[in-house]
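Under my numbering, the first residue of the sequence shown is numbered 5, with each subsequent residue one higher. Glycine included, each C-beta is placed from N, C-alpha and C at the ideal position. This one's a predicted model, so the numbers in the text were calculated from it and none came from an experiment.
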Amino acid sequence: MGKFGKEFLMGAATAAHQVEGNNRNSDCWVLENSPYGGYAEPSLDACDHYNRYEEDIRLMKEAGLNAYRFGIEWARIEPQEGIYDEQVVRHYGDVISCCRKYGIEPVVTLHHFSSPVWLIRKGGWEAESTVDDFAAYARFVAEKIGKDLHYICTINEANMGLQIMSVAREFYNQMVADGKIQMGISMEALMTGSPEKMKENEKLFGTASPHVFQSPRTENGDKLIMRAHRAACAEIKRVNPSIKTGLTLSLHDIQAADGGEKNAAKEWNDEFLHYLPYIREDDFLGVQNYSRSRYGKDGNLPVPEGAQVTQMGYEYYPQGIGNVLRKVAEEYEGELLVTENGIATEDDKERVSFIGAATDGVAACIKEGIPVKGYFYWSLLDNFEWQKGYGMKFGLVEVDRSNGQVRRPKPSLRYLGGI
Ligand code: BGC
C-alpha cells in the first residue's frame with residue numbers, strides 16, 4: 005500500500021492571477037504595469053491557463069493526481085462593482101466540469117491576493133464595506149457554480165497582511181527582510197515610499213496608500229478579513245450547505261532557539277492562535293508551509309550558516325509541514341488540507357526529494373490520528389511569483405512562455421502522482 009489511502013486528495017495548486025493571464029481589472033495588473041508598482045516584471049499572458057486549462061488538468065490526470073486547487077478571479081467575475089460577467093462564471097463552470105471529466109476533485113479558492121480595482125478604490129482590505137462586497141461575490145459564485153463543488157477556500161493566506169506588517173517593522177529596524185515571508189514580495193518596493201509612487205497610487209486607486217491584500221495590515225483590517233470570511237461562509241452555506249468551507253493560512257514551522265521561547269510563542273499566536281475563534285466552525289483549514297522560522301531572545305534568527313536554501317531565500321526544510329500540522333492539530337479539531345507546500349528550485353531532483361520528505365511527514369501525521377485529508381503541491385506550473393516575477397521555479401510542469409506556451413512535465417509531476 006502507498007503512503008495514503010484512496011480517499012486522500014493528492015494534487016497540485018495554482019492561483020488565478022499567477023497562471024491565467026491578462027487579469028486586467030485587478031489591482032495586481034495595474035501595479036505590475038506602473039513604474040512604481042514594485043514588480044520585477046508584468047504577468048502579461050502568464051501561463052495562458054485561462055485558455056489551456058484542459059491540457060493542464062489532463063497532465064495531472066495522466067500523472068495520477070486526483071485533485072486540483074485553483075483560484076477563480078473576483079476581478080474577472082465582477083469587473084465593476086455589482087456588474088457580474090456571466091461568460092466568465094460559465095468559464096469557471098467549464099473548468100470544474102473538466103476536472104470532473106478527468107476524475108479530479110476541484111478545490112476552489114475565491115480570493116488569492118488579487119482584488120478588483122474598484123474594491124481598492126473603495127478602501128480595499130481596511131474598508132468596512134468589503135465584508136458585504138466579498139459576501140455578495142461568494143453568494144454569486146455559489147449560486148452559479150456551487151452545485152458541483154465540495155470544497156471552497158474563501159481567502160488564501162488570510163494572515164498574510166499581519167505577517168507583512170510584522171516584517172515591515174523589522175525592515176524599519178534595518179534588519180534584512182527578504183526570504184521571511186512565504187510569498188514573492190519585495191519588501192524594498194513595498195516599504196519605500198516616494199512622492200512619485202504616492203502620486204501614481206492616487207491616480208490608480210484614488211488614494212496615496214491603497215490597501216491591497218498584500219499591504220501591511222492593521223489589527224482592525226485583520227478582524228475585517230475574518231468577518232469577510234465568516235460572511236462568505238454563511239452565504240455559501242445558505243446556497244448549498246454541503247459545500248465544505250474554510251480559509252487558508254501561511255504557517256511557518258516556528259521554532260525556539262535557546263532563550264527564544266517567548267518570541268516563538270508570540271509569533272505562533274500572531275500567525276495562528278488568535279484566529280481560532282473565527283475558524284473553529286469551519287469545515288476545514290488550509291495549511292500552507294514552505295519552511296521553518298527560528299526565534300532567539302532578540303527575535304527572528306537568520307537561516308543557519310551553510311544551510312541549503314531555495315530560490316526564494318528560505319531554508320530548505322521539508323519536515324516543516326509535518327511539524328506545523330501537528331502544532332495546528334493541538335488546537336484545531338476540524339479537517340486539515342495541506343493547500344500549499346513546495347519548493348522553488350531549478351533542480352527537479354531537489355523538488356522530488358522535497359516532496360518525498362514532506363509527504364512522509366504528512367503520512368506520519370495521519371498515522372498519529374491527525375485528520376489530514378489532502379496534499380496540494382505548490383505549484384502545478386512554473387508561474388508568476390508576484391513581485392518576483394517568473395524567475396522562481398515552483399512548478400511540476402515547465403512552461404515555455406517564449407515558445408508558444410509549451411508545457412513540459414518534469415519528473416516531479418509523475419513522482420507526486422505515483423505517491
Ligand atoms: C502563496 C502563493 C505563492 C507561494 C510561493 C504562497 O504564499 O499563496 O501565491 O506563489 O506562496 O511563494
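Pairwise C-alpha distance: residue j and residue i
{"i": "ARG418", "j": "ASN27", "result": "30 angstroms"}
{"i": "ASN55", "j": "ARG104", "result": "18 angstroms"}
{"i": "PHE8", "j": "PHE380", "result": "13 angstroms"}
{"i": "TYR40", "j": "SER198", "result": "9 angstroms"}
{"i": "PRO2", "j": "GLY188", "result": "For residue 2 there is no data in the structure shown, the boundaries of the chain being 5 and 423."}
{"i": "VAL243", "j": "ALA236", "result": "11 angstroms"}
{"i": "LYS266", "j": "ASN293", "result": "22 angstroms"}
{"i": "ILE100", "j": "TYR336", "result": "29 angstroms"}
{"i": "ASN160", "j": "GLY408", "result": "30 angstroms"}
{"i": "ILE108", "j": "ASN70", "result": "4 angstroms"}
{"i": "ILE325", "j": "ASP364", "result": "10 angstroms"}
{"i": "VAL376", "j": "ILE370", "result": "6 angstroms"}
{"i": "ALA348", "j": "VAL403", "result": "14 angstroms"}
{"i": "GLY426", "j": "SER119", "result": "With the chain running from 5 to 423 in the structure shown, residue 426 is simply not present."}
{"i": "GLN312", "j": "ASP136", "result": "45 angstroms"}
{"i": "ARG125", "j": "PHE117", "result": "16 angstroms"}
{"i": "PHE288", "j": "SER30", "result": "28 angstroms"}
Near ligand 1: residue i beta-carbon under 7 angstroms from a heavy atom
{"i": "ALA235", "result": "no"}
{"i": "GLU130", "result": "no"}
{"i": "MET169", "result": "no"}
{"i": "SER213", "result": "no"}
{"i": "ASN160", "result": "yes"}
{"i": "PHE358", "result": "no"}
{"i": "HIS116", "result": "yes"}
{"i": "ALA362", "result": "no"}
{"i": "ALA269", "result": "no"}
{"i": "GLY317", "result": "no"}
{"i": "MET230", "result": "no"}
{"i": "SER254", "result": "yes"}
{"i": "TRP78", "result": "no"}
{"i": "GLN391", "result": "no"}
{"i": "GLU344", "result": "yes"}
{"i": "TRP33", "result": "no"}
{"i": "PHE398", "result": "yes"}
{"i": "GLN22", "result": "yes"}
Per-residue burial, residue i [other beta carbons within 10 Å of its own, 16 or more giving buried]
{"i": "GLU36", "result": "buried"}
{"i": "GLU200", "result": "exposed"}
{"i": "SER219", "result": "buried"}
{"i": "VAL410", "result": "exposed"}
{"i": "LYS392", "result": "buried"}
{"i": "PRO306", "result": "exposed"}
{"i": "GLU206", "result": "exposed"}
{"i": "SER295", "result": "buried"}
{"i": "LYS397", "result": "buried"}
{"i": "SER170", "result": "buried"}
{"i": "ILE87", "result": "exposed"}
{"i": "SER133", "result": "exposed"}
Boundaries (first-last residue) of the beta strand (DSSP E) holding residue i
{"i": "PHE74", "result": "71 to 75"}
{"i": "ASP404", "result": "401 to 404"}
{"i": "ARG221", "result": "Unbroken run through ARG221: none, as it is neither H nor E."}
{"i": "SER357", "result": "No beta strand (DSSP E) contains SER357, which is instead part of the alpha helix (DSSP H) from 352 to 371."}
{"i": "TRP382", "result": "376 to 382"}
{"i": "HIS115", "result": "109 to 115"}
{"i": "ASN293", "result": "288 to 293"}
{"i": "THR343", "result": "339 to 345"}
{"i": "SER254", "result": "252 to 254"}
{"i": "ASP257", "result": "257 to 260"}
{"i": "VAL1", "result": "Because the chain in this structure spans residues 5 to 423, residue 1 falls outside the shown range and cannot be described."}
{"i": "ILE247", "result": "Taken as a continuous stretch (DSSP letters only), ILE247 belongs to no beta strand (DSSP E), as it is neither H nor E."}
Endpoints, alpha helix (DSSP H) assigned at residue i
{"i": "ILE100", "result": "90 to 105"}
{"i": "ALA20", "result": "20 to 23"}
beta-carbon residue i near ligand 2 non-hydrogen atom, thresh 7 angstroms
{"i": "ALA44", "result": "For the structure depicted, ligand 2 is absent and the ligand set comprises only ligand 1."}
Cβ of residue i within 8 angstroms of any chain C Cβ
{"i": "LEU228", "result": "Considering every chain present, this structure includes no chain C. It has just one protein chain."}
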